[in-house]
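Counting from 1, position 165 in the sequence shown corresponds to residue 401 in my numbering; the numbering is continuous, with no gaps.
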Amino acid sequence: MYPFTADVYAAKNRWYVASFSRDVSRKPVERWILDEPVVLYRKKDGSAVALEGRCAHRHFPLAEGTLVGNSIQCPYHGFVYGPDGRNERIPSQDRPSARCSIKAFPVQEKWRWIWIWMGDPALADISLIPNHGEIGLEDPSLTTDEILHEEFEARYQLIHDNLMDLTHVAFLHRNTLGGGSDDTASAEFLERDGDGWMEGERTIRNVPTIPHFAGYLGYDGLCDRIIGQRFYLPALHFGWDRYVYPEGHEQAGTTFGKLLVYHGITPARRNSSHYFFAIARDFGREAQEQMRAATSAVIQEDVWGLSHVERVIRSFGGTPPPEFSARADTHQLKARRKLEAMIVDEQQALGA
Numbered sequence: 237m238y239p240f241t242a243d244v245y246a247a248k249n250r251w252y253v254a255s256f257s258r259d260v261s262r263k264p265v266e267r268w269i270l271d272e273p274v275v276l277y278r279k280k281d282g283s284a285v286a287l288e289g290r291c292a293h294r295h296f297p298l299a300e301g302t303l304v305g306n307s308i309q310c311p312y313h314g315f316v317y318g319p320d321g322r323n324e325r326i327p328s329q330d331r332p333s334a335r336c337s338i339k340a341f342p343v344q345e346k347w348r349w350i351w352i353w354m355g356d357p358a359l360a361d362i363s364l365i366p367n368h369g370e371i372g373l374e375d376p377s378l379t380t381d382e383i384l385h386e387e388f389e390a391r392y393q394l395i396h397d398n399l400m401d402l403t404h405v406a407f408l409h410r411n412t413l414g415g416g417s418d419d420t421a422s423a424e425f426l427e428r429d430g431d432g433w434m435e436g437e438r439t440i441r442n443v444p445t446i447p448h449f450a451g452y453l454g455y456d457g458l459c460d461r462i463i464g465q466r467f468y469l470p471a472l473h474f475g476w477d478r479y480v481y482p483e484g485h486e487q488a489g490t491t492f493g494k495l496l497v498y499h500g501i502t503p504a505r506r507n508s509s510h511y512f513f514a515i516a517r518d519f520g521r522e523a524q525e526q527m528r529a530a531t532s533a534v535i536q537e538d539v540w541g542l543s544h545v546e547r548v549i550r551s552f553g554g555t556p557p558p559e560f561s562a563r564a565d566t567h568q569l570k571a572r573r574k575l576e577a578m579i580v581d582e583q584q585a586l587g588a
């Protein structure tokens, strides 16, 4: 599936963000994940449950159902399923049926995310979830916040491309994160690779502190900006935007502001995606709502741009003409190839 080859969509034996913790309660909620319906809810002890989101009887969406203790009842004919997916009751029969069971998906709750494993439960390796301590989500010196969850019309591969391409910041985000400067696209670039991740970083020197955050930073003079993005394949991007006093300043080289950003990207349907966005920061601590609005505005620019790209791709029947790639796209294309290889390797293993 573009931009991959025709039969390549997404890896199943990996962890994805299913929800923010705040959005799952004793009221069932539906998510489409990797082209499958999922129902999420909490048991009486507060632990999260993720089940196949359809009744095995007549495919009624279970998110419309009600909880009976730790189980869920379909409102269409009253079938009941336990948190393990096993059928517990069929009102018209004396006994439940094992053949009427539905899938139960492993979940892990870390920080304020609920992670889900959509593949073989026996392979659900918790160590494959990115280490939250390494990316600042457990740092008490930072203020963390869940900003938004949105499902929008763009295939998830386009979002990965966008996040690995920091040159778009100068243009798509010109009036927000870009600060009205074109310097991002030509800034010095550094690339790194690790176990299960890859990252790129750009250093933009002697540019005005962006007005979008200057008031919270308490400084509106020239600065060096260090922006980067680490991609934990296949589902989480961890980014940073550091503001540093430039050469010639009495505190040259000192960081005076740090914004960390987290993008949980989860395939919903073939042409739509879940976007879970969160931040951590050491400035603007008392301006929670204003910071939410400021950072949400940046993501809405991405949503706007990628929705337009998806619209054009679909107009070609899902396979657009060959694309031109610039020199600056090398990093993005490397990430695209690594993600595609991960999916192909899984497909081959499952087919073996």
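Idealized CB from N, CA, C, for every residue including glycine.
This structure is a prediction, so every number in the text was calculated from the model and none was measured.
Beta-carbon gap between residue i and residue j smaller than 8 Å
i    : j    : result
T491 : I383 : no
A292 : P470 : no
L413 : D538 : no
M434 : Q568 : no
E576 : A390 : no
I515 : V534 : no
G500 : W349 : yes
P239 : R572 : yes
G436 : Q393 : no
G489 : Y479 : no
G554 : F519 : no
V580 : V304 : no
I440 : A423 : yes
Contacts around residue i, its chain only, beta-carbon distance under 7 Å, and the 5 residues preceding and following it disregarded
i    : result
L364 : R250, W251
G289 : E266, P273, V274, V275, P297, L298, A299
P357 : P342
D361 : none
E345 : S257, A284
L270 : A246, K248, M354, P503
F552 : none
A523 : Y452
Residues that DSSP places opposite residue i in a beta bridge
i    : result
M434 : D429, F467
H510 : E387, T502
S255 : I350
T302 : Q309
G475 : Q465, V497
L381 : Reading off the sequence, residue 381 comes out as Asp, not Leu. Per DSSP, I515.
Y238 : DSSP lists no partner for Y238.
I579 : Answer is none; I579 lacks a bridge partner.
T491 : V480
E374 : Paired residues: none, contrary to the question.
I269 : E272
Alpha-carbon to alpha-carbon, residue j and residue i
i    : j    : result
D259 : F474 : 22 Å
R331 : A286 : 24 Å
A562 : E370 : 32 Å
L542 : F467 : 18 Å
A254 : K263 : 16 Å
C459 : I352 : 41 Å
Q583 : W268 : 21 Å
P311 : P327 : 12 Å
A406 : G457 : 19 Å
Q487 : M527 : 26 Å
G282 : H368 : 21 Å
P444 : G484 : 14 Å
H313 : R294 : 9 Å
Neighbour-count burial assignment, residue i, 16 or more Cβ in a 10 Å radius
i    : result
R438 : buried
D477 : buried
N398 : buried
Cβ-based neighbour list, residue i, same chain, cut-off 8 Å, excluding 5 preceding and 5 following
i    : result
E324 : S307, V316, Y317, G318, P332
F388 : S508, S509, Y511, V539, L542, S543
R505 : W268, D271
A334 : R322, N323
Neighbourhood of residue i by C-beta, 6 Å cutoff - its chain only, sequence neighbours within 5 removed
i    : result
P556 : I549
R322 : S337
R517 : T379, L495
G372 : L378, L496, A516
T302 : Q309
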